[in-house]
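A.B. asks: Here it is, the structure in full.
Below, the structure written as structure tokens:
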């Protein structure tokens with residue numbers, strides 16, 4: 073505490089007048105004391121030459137945890153902070169070159185070890201997912217000021233491989249048009265928007281500004297590779313409130329039409345697109361927007377002026393639209409239109425209208441929501457990342473991203489369907505513990521997985537692991553797998569359900585399921601039959617095993633079952 077007092081005296085030098093602080097910014101971060109027991113109060117940051125930022129926060133004189141604000145844009149300026157709540161709480165705020173408790177960062181008890189989480193605060197929907205200049209950019213809905221939803225801002229992180237992330241300062245903050253809701257990004261390589269130059273073309277972003285009376289769509293751009301975003305002065309560019317008589321018009325998804333040539337690597341060819349006027353154009357921008365009860369298509373030639381073209385009913389929030397080659401065949405390309413819950417239709421798209429051919433289908437269930445695919449991926453893969461509203465008990469952060477997966481279209485016995493598998497890069501985190509090609513009964517499999525060799529993983533908070541195995545029902549009508557008493561897989565052959573959802577293997581007479589299970593400190597992801605179906609859940613601990621016990625680690629159950637091809641790996645931390 074003496075060190076903090078020294079900082080307050082020697083560096084912070086605040087003058088407290090009521091609930092107001094003024095000081096010259098000399099450090100990188102502002103540390104703020106937070107308690108969920110406090111009521112939210114208005115907190116405003118103001119400095120000459122920087123737009124005022126007004127949010128709500130739960131500052132507390134008896135903090136449960138600390139959050140921080142990046143002060144880079146205020147460096148050398150006099151910052152004034154006003155707070156409508158406790159003077160005593162505001163007086164604890166201080167600046168420093170490190171965030172409070174930085175020494176424990178990424179080592180916390182319930183910090184996921186191979187899933188992205190923010191250093192502090194709440195996160196939800198992934199936004200603006202794009203590859204550019206060797207880095208994947210992940211923006212996301214973020215409340216930097218507490219671990220619950222509010223103050224929607226765009227957080228930002230980058231990664232060279234979609235696994236090892238570096239978190240940066242937030243890039244979009246609430247303004248007079250509203251708080252910053254979800255959106256997307258494209259690389260405007262020909263500078264059609266005019267925001268950049270031919271030598272320095274911009275990344276362009278579309279996002280929703282939300283306020284109590286309406287939602288409107290706005291544009292931002294970056295000229296430094298996605299690190300700094302500038303809002304377009306002509307915002308909003310789409311305000312369709314009156315058209316739909318609905319507040320719900322949000323989550324713009326940008327894409328180029330026709331698709332990028334990089335997609336040739338995955339069997340998607342470049343084709344000339346019709347213009348909105350019908351006289352042909354060759355290059356166009358498309359924006360898919362969730363409006364009221366479905367997804368609308370807008371088009372533009374400059375990313376600023378948009379024309380409504382068509383609408384598809386039956387979706388809610390967070391649209392995505394992209395082409396995929398069926399079974400990798402470049403002569404058989406279909407378009408996929410998704411909603412926030414990963415329901416999707418398969419069809420055709422001519423640049424103005426999506427025409428459904430089958431659906432709706434669903435390939436992933438559980439915690440996943442508002443998933444988005446990355447734009448501009450150089451090898452043409454269609455990579456998706458989704459949000460999971462998962463709690464991390466006692467931590468100063470909440471929510472996480474799920475594993476990035478590659479989406480493909482495969483011909484199945486039920487028709488063409490989306491398949492989702494963890495990207496190949498995930499395998500670089502796996503460190504083998506045991507491999508068994510033997511056919512084992514449930515008791516033998518459980519004994520193998522509960523040996524001293526793997527006991528450090530059993531129920532251990534440090535245990536991040538991957539299990540691949542094939543479950544053969546033989547005589548059973550139901551069987552499954554638990555971990556520390558939590559059901560991970562529950563397959564009912566009689567009802568053809570897998571964890572309560574209908575599932576039928578590709579061979580309808582099959583009695584087997586192959587499962588890939590990824591267990592992190594607070595989450596579980598399961599991929600069945602190489603991604604034909606997947607689901608995610610919060611990890612729970614020692615809730616009682618199938619036979620009524622607790623804390624037994626892995627436990628297969630079912631009458632006369634056997635287990636084959638067991639492979640167990642530890643998963644290295646991405647931090």
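In this note's numbering, the protein residues as written are 73 to 647. C-beta: ideal position from N, C-alpha, C; glycine also.
In the DSSP assignment, the beta strand (DSSP E) including residue 597 goes from what residue to what residue?
C.D. replies: Mapped onto the chain shown, residue 597 falls at position 525. First-last of the beta strand (DSSP E) with residue 597: 595 to 600.
A.B. asks: Just the C-alpha distance for residue 140 and residue 264, rounded to the nearest angstrom, thanks.
C.D. replies: Translated into positions along the chain shown, residue 140 becomes position 68. Translated into positions along the chain shown, residue 264 becomes position 192. Straight-line Cα distance between these residues: approximately 38 Å.
A.B. asks: Between which two residues does the beta strand (DSSP E) harbouring residue 124 extend?
C.D. replies: Taking the chain shown and counting its residues from 1, the one referred to as residue 124 is at position 52. Note, residue 124: beta strand (DSSP E), 122 to 129.
A.B. asks: How long is the line joining the alpha carbons of residue 91 and residue 153, rounded to whole angstroms?
C.D. replies: Along the chain shown, read from residue 1 onward, the residue named residue 91 stands at position 19. Along the chain shown, read from residue 1 onward, the residue named residue 153 stands at position 81. For residue 91 and residue 153, the distance between alpha carbons rounds to 8 Å.
A.B. asks: Out of curiosity, what's the CA-to-CA distance linking residue 324 and residue 372?
C.D. replies: Locating residue 324 in the chain shown gives position 252, where the first residue counts as 1. Locating residue 372 in the chain shown gives position 300, where the first residue counts as 1. Computed Cα separation, rounded: 13 Å.
A.B. asks: Tell me whether the beta-carbon of residue 375 lies closer than 9 Å to the beta-carbon of residue 367.
C.D. replies: Taking the first residue of the chain shown as position 1, residue 375 is located at position 303. Taking the first residue of the chain shown as position 1, residue 367 is located at position 295. It is not a contact, given that the beta carbons lie outside the stated cut-off.
A.B. asks: Please give me, in chain order, every unbroken run of the beta strand (DSSP E) with length at least 3 that falls completely inside the segment 441 to 492.
C.D. replies: Runs found: 454 to 460, 477 to 484.
A.B. asks: With 16 as the cutoff for other CB atoms within 10 Å, does residue 604 come out buried or exposed?
C.D. replies: Walking along the chain shown from the start, residue 604 turns up at place 532. The residue in question, residue 604, is buried, as its Cβ has 16 or more Cβ neighbours within 10 Å.
A.B. asks: Going by Cα to Cα distance, which pick from 221, 331, 198, 142 is closest to residue 128?
C.D. replies: The residue you call residue 128 lines up with position 56 of the chain shown. When only C-alpha atoms are compared, the closest one is 221.
A.B. asks: Apart from the five residues just before and just after residue 292, which ones in its own chain have a Cβ nearer than 7 Å to its Cβ?
C.D. replies: The residue labelled residue 292 in the question sits at position 220 within the chain shown. So the list reads 244, 277, 279, 301, 302, 303, 304, once near-sequence residues are dropped.
A.B. asks: Which residue from 311, 384, 470, 125 puts its Cα closest to that of residue 146?
C.D. replies: The residue given as residue 146 occupies position 74 in the chain shown. For residue 146, the nearest C-alpha among the options comes from 125.
A.B. asks: Only counting runs of 3 or more residues, tell me where the beta strand (DSSP E) segments fall wholly within the segment 134 to 185, in order along the chain.
C.D. replies: As far as the segment 134 to 185 is concerned, its whole beta strand (DSSP E) runs of at least 3 residues are 137 to 142, 150 to 155, 166 to 168.
A.B. asks: Just tell me which of 312, 110, 226, 475 has its CA closest to the CA of residue 459.
C.D. replies: Working through the chain shown from its first residue, we reach residue 459 at position 387. Among 312, 110, 226, 475, the Cα nearest to that of residue 459 belongs to 475.
A.B. asks: Just to check my reading of the structure: residue 434 and residue 394 have Cβ atoms closer than 8 Å, yes? What is that Cβ distance to the nearest angstrom?
C.D. replies: By one-based count along the chain shown, residue 434 stands at place 362. By one-based count along the chain shown, residue 394 stands at place 322. Wrong, their Cβ atoms sit about 17 Å apart, outside the cutoff.
A.B. asks: Inspect the beta-carbon positions of residue 194 and residue 171 and report whether they are closer than 9 Å.
C.D. replies: For the purposes of this step, residue 194 is taken as residue 122 along the chain shown, with counting starting at 1. For the purposes of this step, residue 171 is taken as residue 99 along the chain shown, with counting starting at 1. Contact flag unset, no.
A.B. asks: Taking only the alpha-carbon atoms, compute the straight-line gap between residue 521 and residue 626 and give it to the nearest angstrom.
C.D. replies: As a working note, residue 521 is residue 449 in the chain shown. As a working note, residue 626 is residue 554 in the chain shown. Distance between the alpha carbons of residue 521 and residue 626 is about 6 Å.
A.B. asks: Output the boundary residues of the beta strand (DSSP E) element that contains residue 650.
C.D. replies: Outside the shown range of the chain, which is 73 to 647, sits residue 650, and nothing can be said about it.
A.B. asks: On the DSSP letters alone, give me the boundaries of the alpha helix (DSSP H) that residue 314 sits inside.
C.D. replies: As a working mapping, residue 314 is identified with position 242 in the chain shown. Where residue 314 is concerned, the enclosing alpha helix (DSSP H) stretches over 313 to 316.
A.B. asks: Excluding the 5 residues preceding and the 5 following residue 472 in the sequence, name in chain order all residues of the same chain whose CB lies nearer than 6 Å to its CB.
C.D. replies: Translated into the one-based positions of the chain shown, residue 472 becomes position 400. 184, 187, 189, 460, 462.
A.B. asks: Going by Cα to Cα distance, which pick from 134, 148, 551 is closest to residue 161?
C.D. replies: As a working note, residue 161 is residue 89 in the chain shown. Nearest option by C-alpha distance: 134.
A.B. asks: Where does residue 499 sit, in a helix, a strand or coil, going by DSSP?
C.D. replies: Within the chain shown, numbered from 1, the residue matching residue 499 stands at position 427. Helix.
A.B. asks: Exposed or buried, what is residue 483 when buried is set at 16 or more other beta-carbons lying within 10 Å of its beta-carbon?
C.D. replies: The residue given as residue 483 occupies position 411 in the chain shown. Residue 483 comes out exposed.
A.B. asks: Quick check on the burial criterion: 16 or more other C-beta atoms within 10 angstroms. Buried or exposed for residue 225?
C.D. replies: In the chain shown, counting from the first residue as 1, residue 225 sits at position 153. The residue in question, residue 225, is buried, as its Cβ has 16 or more Cβ neighbours within 10 Å.
A.B. asks: On the criterion of 16 or more Cβ atoms from any shown chain inside 10 Å, does residue 554 qualify as buried, or is it exposed?
C.D. replies: Within the chain shown, the letter at position 482 stands for residue 554. Residue 554 should be labelled buried.
A.B. asks: Look at the alpha carbon of residue 103 and the alpha carbon of residue 499, and state the distance between them as a whole number of angstroms.
C.D. replies: As a working mapping, residue 103 is identified with position 31 in the chain shown. As a working mapping, residue 499 is identified with position 427 in the chain shown. If you take the alpha carbons of residue 103 and residue 499, they lie about 37 Å apart.
A.B. asks: Output yes or no for whether 9 Å exceeds the beta carbon distance between residue 217 and residue 151.
C.D. replies: Residue mapping note: residue 217 aligns to position 145 of the chain shown, counting from 1. Residue mapping note: residue 151 aligns to position 79 of the chain shown, counting from 1. No, the pair does not count as a contact, with Cβ atoms beyond the cut-off.
A.B. asks: What residues in its chain sit with their C-beta under 8 Å from that of residue 26, if we drop five residues either side in the sequence?
C.D. replies: What the structure shows of the chain is the stretch from 73 to 647, and residue 26 is not part of that stretch, so it cannot be assessed.
A.B. asks: Return the chain-ordered list of same chain residues with a C-beta closer than 8 Å to the C-beta of residue 592, the five sequence neighbours on each side being excluded.
C.D. replies: Indexing the chain shown from 1 puts residue 592 at position 520. Hits under 8 Å: 184, 185, 186, 187, 536, 611, 643.
A.B. asks: Just reading off the alpha helix (DSSP H) that residue 516 is part of, what are its end residues?
C.D. replies: Position 444 of the chain shown, counting from 1, holds the residue named residue 516. 514 to 521 is the extent of the alpha helix (DSSP H) around residue 516.
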